[in-house]
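> Could you have a look at this structure, given as structure tokens, before my questions?
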Amino acid sequence: MNAGDWVWSDDHGQLCQVIETQALWGETTCRVWLPGRDSVVRIPASKLKSMESAGTGSPDAIAYIAAAARVADALTQDVLLAPIESSVIPLPHQIRALSRAIANDRVRYLLADEVGLGKTIEAGLIMRELKLRGLVKRTLVIAPKGLVSQWVSEMRFHFGETFQLVLPEDIKTLKRIAPASSPENGDKGNHDPEALPANAWQMFSQIVVPMDSVKPLDKRRGWTAAQVGEHNRERFEDLISAGWDLIIIDEAHRLGGSTDQVARFKLGQGLAEAAPYFLLLSATPHQGKTDAFHRLVSLIDAQEFPDIGSVTRERVQPHVIRTEKRRAIDADGKPLFKPRRTQLGPVSWEERHRSQQLLYEAVTEYVREGYNQAMREKRSYIGFLMILMQRLVVSSTSAIRTTLERRLEALAAPQEQLTLFPATTEEEWADLDGQEQIDVLLRTRLKALKNERAEVKLLLEAAARCEQIGPDAKAEALLDWLYRLQSEESDPELKALVFTEFVPTQEMLRRFLTERGFSVVCLNGSMDMEERKRVQEAFAKDTRILISTDAGGEGLNLQFCHVVINYDIPWNPMRLEQRIGRVDRIGQAHAVRAVNFVFEDSVEHRVREVLEQKLAVIFEEFGIDKTGDVLDSAQAGHMFDEMYVEAILNPEKVEDSVESVVARLQEQAREARATASVLGATEDLEPGEAQRLLTHPLPYWVERMTVSYLKAHGGQAERRSQSWNLTWPDGETYENVVFTGKEAERLPAARHLTLEEPKVRGLAMRLPRFAPGQPVPIVSIPGLSAEVQGVWSLWRIAIATMEWNRKRIMPLFLADNGMVYTPTARHVWDQLLAASTQVRSILDAAVSQAAFAKLQNAAEEHGKPIYEVLVQEHRGRIAREREKADYAFAARRKTVERIGLPQVRNYRLNLLSQEERTFREQLDQKAHAYPEMVPLLVIRVEGGGHE
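This is the structure we're talking about:
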């Protein structure tokens, strides 16, 4: 054997090239290059065989390489795998989001679709795509606590992906049971006491965790520095060091914070550096605050956005994927959302409700006086309590009575048991619904106002009398509306989603409606995932009424219901919008009906009348979804609280207080519209792409590749009636296997084999090469015209750099007349995949060598344009990196130049210059690209065979 010869190594199952041969003491050893591994090894010459052993002459071997190359080509051409392999039928905007995300090596994006367009599905598709491409194994989802259950259920339902929900109370338990070595997926590992401390987050490969349970703390009332340190280690430091491939953050605008010292932003910074793939999800990413938005996009790419000045449309747009509701269409090109009808449902106090009206007035007076006193004494949390008391009395007699009982109990406790309000951020407080806020305040046992105990006692007696007299006016109004809507919608089994802020109201309504023959289920924030699931399933089947609090309603998808009744109205109109959004979602078949209850002649009614009229003007100018950028913020929540309080304190000035808030909102909406233009406009969508993906032949190619490989390489593939039993050459067996998503749905017990399986993926990624001198089989292919005579081949055209590899697969057909026919080359490839070839004989060695030489010349000529496209892509990538670095270094230099002390300034400038030099040297090295052209398969085609 001579240097340069190609031979076959049985030990490695591939062709290899001899580099040198050494004969010493009766033993001949060869150093050979294994192209499949790109490594050099020593092998005894006795173990190397001639190229005839390479085995590409059988029909199965030919079919394997043709199919595997087609799969590899699909991967290089950015064919979307997730929709093909999934049971989800994506909509045009979701296809576009996935396509844009995968088009770039750096999958780090802000998914900013407007409310109700399915960002969770988009994130799931991107995750599945990355998993199918072999790029992701470990995924972490961070979401507000009200949405974590939805993430677990949607990933399981739509994608068959299991995520472990880890709640705050689970972290200590996981820490205890985590093995010291913490192998992934719960393998128990060793329990060596000398082993490293366990990282509980490594026990599962896919986790969902609430945002506020893992953010780092600076301090906590009553905790030592050591306790704070341990808390941060277990929740924050261990989490970000657990080796994630993909991190998804839902409601990501909450990370922007008011400063870069806010715990949520620090959490975002840690997570941004903890995974190569990173998705931020938010319908309202730009809430009119450029500094918060800058902090948010800096998490995607800190170098791209070093300062607020970098937040421009041109720089932001490549990192944002956004669809507006008005542009969203279905697969037929029709608008995705139907019109909705929202109306006010005024509730009047009849004579029989006189005691309830008096209770409302008495509590309002208590609130007015209590709030004024709290503000004078600078006790803002008593002010919060007063605000909630007002909302409770509007909700129900039961809600105010229960709360007054709990307040009286707190006031009766010894003075030393009364405590301060717990430390909580503005953002955390705004995230709580009314029930959660009242629970926090009443648990805290806030100190009494002057004469409060006697007053609360009187109000409690009045509330108890009210309940004994009869049902609330609003409960009777609800019953009337249910019958009315049933009639108007011509549906005696009409389902309705009823929202209330408070659990006692929820419980009262459950009893009230059940006694009148309605089937009812309830949802609130205290329920665990299994309870929530049971309730939703019951409502989806036979139950007619679902009563939910705001915390209970987070994350619900209830497209099968189209009626929403807001039994009590949250003060921020965006909360109303979010409630109605539970039914006004993709897949809603009816026009949505929403009814908002409000007491006639109440402060709330007067505010609501004026507010709706004024907001209608803003919505007309900006659209509800654009205005949502402003309304969906803690700042807006404060404004509405202040407006209602002002109206309660000064009922005669309702119009003025509403006018003032609306003017501020209008100004903010204008600012938000101007600044949010950085997100870019939504392009028109293509309805046919989803349908084309659903009929894509990729699963068939994967099946053909796998089955042909096993038959050609000593394995087995046995066809059952609807599935396969596969045995790999190493003896491992896969039973009851299917290859398409539709087959997997039809046969739930079957194993769905996709490119996510490393063995299957390896067949496409490690394609064997054809070597000069290798025997060329002469084949006939059914379905091919007899006139097709010539040599057909497959070539891999590639560009290799320090950290970036791009390749394309090129079919080439050189006809006997010396012409190269590109369409014929593609047609032969299609036919090789569609039918079984017949190998007639082997081409003569000398003829084979001559044919290969001609093919190589033709491949160089036809492969050059493909290579040049790859080079242009690479140069564009380097140019973008260079431009981004130029901007980032310039911004940092400006910051350093503002330092007053010359010595410090010069020292920092020198450090920066060194860093810049190093970066540019590395970038110059990355710019070098090396071409590669490798033959994969060569066959002589002599017309078609028999069908």
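Going by my numbering, the first residue of the sequence shown is number 1069, and it counts up by one from there. Glycine included, each C-beta is placed from N, C-alpha and C at the ideal position.
(1) If we call anything under 9 Å between Cβ atoms a contact, is GLY1184 one with ARG1661?
(2) For ALA1150 and ALA1921, I'd like the C-alpha separation in whole angstroms.
(3) Report the three-state DSSP secondary structure of ALA1342 (helix, strand or coil).
(4) Which residue wins for smallest C-alpha separation from ASN1039, given the options LEU1980, SER1350, GLU1569?
(5) Helix, strand or coil for GLN1371, going by three-state DSSP, please let me know.
(6) Per DSSP, what kind of secondary structure is GLU1484 in: helix, strand or coil?
(7) Within the same chain, show all residues whose beta-carbon is closer than 8 Å to that of LEU1200, passing over the 5 residues directly before and after it, in chain order.
(8) Considering only their Cβ atoms, is the gap separating MET2001 from ARG1864 smaller than 9 Å?
(9) Quick one: what's got a C-beta closer than 6 Å to PRO1236's C-beta in the same chain, skipping five residues either side?
(10) Output needed for TYR1439: all residues of its chain with C-beta closer than 6 Å, excluding positions within five of it in sequence on either side, in chain order.
(11) Taking C-alpha atoms, which residue in SER1558, SER1448, HIS1421 lies nearest to GLU1710?
(12) Is the region 1208 to 1223 touching the region 1622 to 1629, taking contact as three or more C-beta pairs under 8 Å?
(13) Tell me whether PRO1572 is buried or exposed, calling it buried when 16 or more other Cβ atoms sit within 10 Å of its Cβ.
(14) Short of 8 Å in beta carbon distance, which residues of its chain neighbour ASP1306, apart from the five on each side in sequence? Order them along the chain.
(15) Roughly how many whole angstroms lie between the Cα atoms of LYS1243 and GLU1302?
(16) Please go through the same chain and pick out, in chain order, the residues whose beta-carbon is closer than 8 Å to the beta-carbon of ILE1686, but skip the five residues on each side of it.
(17) Reducing DSSP to helix, strand and coil, say where HIS1820 ends up.
(18) Excluding the five sequence neighbours on either side, which residues of its own chain have a C-beta within less than 7 Å of the C-beta of GLN1425, listed in chain order?
(19) Look at the alpha carbon of GLU1677 and the alpha carbon of THR1327, and state the distance between them as a whole number of angstroms.
(20) Quick check: what's the CA-CA separation for LEU1862 versus VAL1147?
(21) Since ASP1400 contacts PRO1755 with CB under 8 Å, what's their CB separation in whole angstroms?
(22) Grab me the residues of ASN1253's own chain with a C-beta within less than 8 Å of its C-beta, minus the 5 sequence neighbours each way, in chain order.
(23) Using DSSP with H/G/I as helix, E/B as strand and the rest coil, what is PRO1933?
(24) Suppose you measure from the CA of ARG1409 to the CA of ALA1659; what does that come to, to the nearest Å?
(25) Find out if the Cβ-Cβ distance for the pair VAL1726, VAL1671 is shorter than 9 Å.
(26) Check each candidate in ASP1499, LYS1515, ALA1893, PRO1840 and name the one with the smallest Cα separation from LEU1479.
(27) Tell me which residues share the same chain as LYS1563 and place their Cβ nearer than 6 Å to its Cβ, disregarding the 5 neighbours each side in the sequence.
(28) If we call anything under 9 Å between Cβ atoms a contact, is PRO1278 one with LEU1761?
(29) Between the C-alpha atoms of VAL1461 and ALA1467, what's the straight-line distance to the nearest angstrom?
(30) Return the chain-ordered list of same chain residues with a C-beta closer than 7 Å to the C-beta of ALA1608, the five sequence neighbours on each side being excluded.
(31) Does the beta-carbon of SER1981 have 16 or more other beta-carbons within 10 angstroms, so that it is buried, or is it exposed?
(32) Taking all protein chains shown into account, decide if GLY1502 is buried (16 or more other Cβ within 10 angstroms of its Cβ) or exposed.
(33) What three-state label does DSSP hand ASP1255 in the structure shown?
(34) Which value, in whole angstroms, describes the spacing of the CA atoms of MET1707 and LYS1682?
(35) So who's on the other strand from CYS1098, going by DSSP bridges?
(36) Tell me which residues share the same chain as MET1223 and place their Cβ nearer than 7 Å to its Cβ, disregarding the 5 neighbours each side in the sequence.
In short, the structure shows the following:
(1) On the sequence shown, position 116 is the one that residue 1184 refers to. On the sequence shown, position 593 is the one that residue 1661 refers to. No, the Cβ-Cβ distance between GLY1184 and ARG1661 is not below 9 Å.
(2) Taking the first residue of the sequence shown as 1, we reach residue 1150 at position 82. Taking the first residue of the sequence shown as 1, we reach residue 1921 at position 853. Spanning the two alpha carbons is a distance of roughly 41 Å.
(3) Here residue 1342 refers to the residue found at position 274 of the sequence shown. Residue state, collapsed to three classes: coil.
(4) Because the chain spans 1069 through 2015 in this model, residue 1039 falls outside it and cannot be assessed.
(5) In the sequence shown, residue 1371 corresponds to position 303, counting from 1. DSSP places GLN1371 in coil when its eight states are reduced to three.
(6) Here residue 1484 refers to the residue found at position 416 of the sequence shown. Because GLU1484 carries a pLDDT of 49, less than 50, the predicted location of this residue cannot be relied on, and no value is offered for it.
(7) As a working mapping, residue 1200 is identified with position 132 in the sequence shown. Closer than 8 Å at the Cβ level, and outside the excluded window around LEU1200, lie LEU1149, ALA1150, GLU1153, THR1822, LEU1823, GLU1824.
(8) Sequence index remark: in the sequence shown, residue 1864 carries index 796 (1-based). Sequence index remark: in the sequence shown, residue 2001 carries index 933 (1-based). For ARG1864 and MET2001, yes; Cβs fall inside 9 Å.
(9) Counted from its first residue, the sequence shown places residue 1236 at position 168. Within the same chain, PRO1236 has close Cβ partners SER1281.
(10) In the sequence shown, residue 1439 corresponds to position 371, counting from 1. Here the set comprises GLY1451, MET1454.
(11) One-based indexing of the sequence shown puts residue 1710 at position 642. When only C-alpha atoms are compared, the closest one is SER1448.
(12) yes
(13) Reading the sequence shown from its first residue, position 504 is the one you call residue 1572. Buried, because 16 or more other Cβ atoms sit within 10 Å of the Cβ of PRO1572.
(14) The count along the sequence shown starts at 1 and reaches residue 1306 at position 238. Scanning its chain for C-beta atoms nearer than 8 Å, with the 5 sequence neighbours on each side dropped, one finds around ASP1306 the residues ASN1267, ALA1268, TRP1269, in chain order.
(15) Locating residue 1243 in the sequence shown gives position 175, counting from the first residue. Locating residue 1302 in the sequence shown gives position 234, counting from the first residue. LYS1243 and GLU1302: Cα-Cα distance of roughly 8 Å.
(16) Start at 1 with the first residue of the sequence shown, and residue 1686 comes out as number 618. For ILE1686, where only same-chain residues beyond five positions count, the Cβ hits under 8 Å are THR1695, VAL1730, LEU1733, GLN1734, ALA1737.
(17) Locating residue 1820 in the sequence shown gives position 752, where the first residue counts as 1. DSSP places HIS1820 in strand when its eight states are reduced to three.
(18) Here the question's residue 1425 lines up with position 357 in the sequence shown. Answer for GLN1425: TRP1417, listed in chain order.
(19) By one-based count along the sequence shown, residue 1677 stands at place 609. By one-based count along the sequence shown, residue 1327 stands at place 259. Each residue's alpha carbon lies about 37 Å from the other.
(20) If you number the sequence shown from 1, residue 1862 lands on position 794. If you number the sequence shown from 1, residue 1147 lands on position 79. Cα to Cα, LEU1862 sits roughly 19 Å from VAL1147.
(21) Locating residue 1400 in the sequence shown gives position 332, counting from the first residue. Locating residue 1755 in the sequence shown gives position 687, counting from the first residue. Between ASP1400 and PRO1755 the beta-carbon gap is near 6 Å, inside 8 Å, which marks them as a contact.
(22) As a first step, residue 1253 must be located in the sequence shown, where it is residue number 185. For ASN1253, the pLDDT reaches just 41, beneath the cut-off of 50, and the residue's location in the model is therefore unreliable, although a value from the coordinates is still provided. Cβ neighbours of ASN1253 beyond the five flanking positions: MET1271, PHE1272, SER1273.
(23) To locate residue 1933, count along the sequence shown from 1; it is residue 865. Residue state, collapsed to three classes: helix.
(24) Position 341 of the sequence shown, counting from 1, holds the residue named residue 1409. Position 591 of the sequence shown, counting from 1, holds the residue named residue 1659. Approximately 7 Å, taken between the alpha carbons.
(25) Within the sequence shown, numbered from 1, the residue matching residue 1726 stands at position 658. Within the sequence shown, numbered from 1, the residue matching residue 1671 stands at position 603. Against a cut-off of 9 Å, the Cβ pair of VAL1671 and VAL1726 comes out as no contact.
(26) Stepping through the sequence shown from its first residue, residue 1479 is reached at position 411. When the alpha-carbon of LEU1479 is set against those of ASP1499, LYS1515, ALA1893, PRO1840, the nearest one is in LYS1515.
(27) Reading the sequence shown from its first residue, position 495 is the one you call residue 1563. Excluding sequence neighbours, LYS1563 sits near ARG1612, CYS1629.
(28) Position 210 of the sequence shown holds residue 1278. Position 693 of the sequence shown holds residue 1761. Not a contact, by the Cβ cut-off of 9 Å.
(29) Your numbering for residue 1461 matches position 393 in the sequence shown. Your numbering for residue 1467 matches position 399 in the sequence shown. So the alpha carbons of these two residues sit roughly 7 Å apart.
(30) Position 540 of the sequence shown, counting from 1, holds the residue named residue 1608. Closer than 7 Å at Cβ, skipping near neighbours: PHE1628.
(31) Within the sequence shown, residue 1981 is the residue found at index 913, counting from 1. The residue is exposed, with fewer than 16 neighbouring Cβ atoms inside 10 Å.
(32) For the purposes of this step, residue 1502 is identified with residue 434 of the sequence shown, where counting begins at 1. Under a 10 Å Cβ-count criterion, GLY1502 is classified as buried, with 16 or more other Cβ atoms of the shown protein chains found around its own Cβ.
(33) Position 187 of the sequence shown, counted from the first residue, corresponds to residue 1255. Only weak support is given to the placement of ASP1255: the predicted model assigns it a pLDDT of 40, under 50, and the value that follows is read from those uncertain coordinates. ASP1255 falls in the coil class under three-state DSSP.
(34) Translated into positions along the sequence shown, residue 1707 becomes position 639. Translated into positions along the sequence shown, residue 1682 becomes position 614. Distance from the CA of MET1707 to the CA of LYS1682, rounded to the nearest whole angstrom, comes to 15 Å.
(35) Residue numbering aside, residue 1098 sits at position 30 when the sequence shown is read from its first letter. DSSP, once it has assigned bridges, lists THR1089, ILE1111 as partnering CYS1098.
(36) In the sequence shown, residue 1223 corresponds to position 155, counting from 1. Taking C-beta separations shorter than 7 Å and ignoring five residues to either side along the sequence, the partners of MET1223 in its chain run GLY1192, GLU1229, PHE1231, following chain order.
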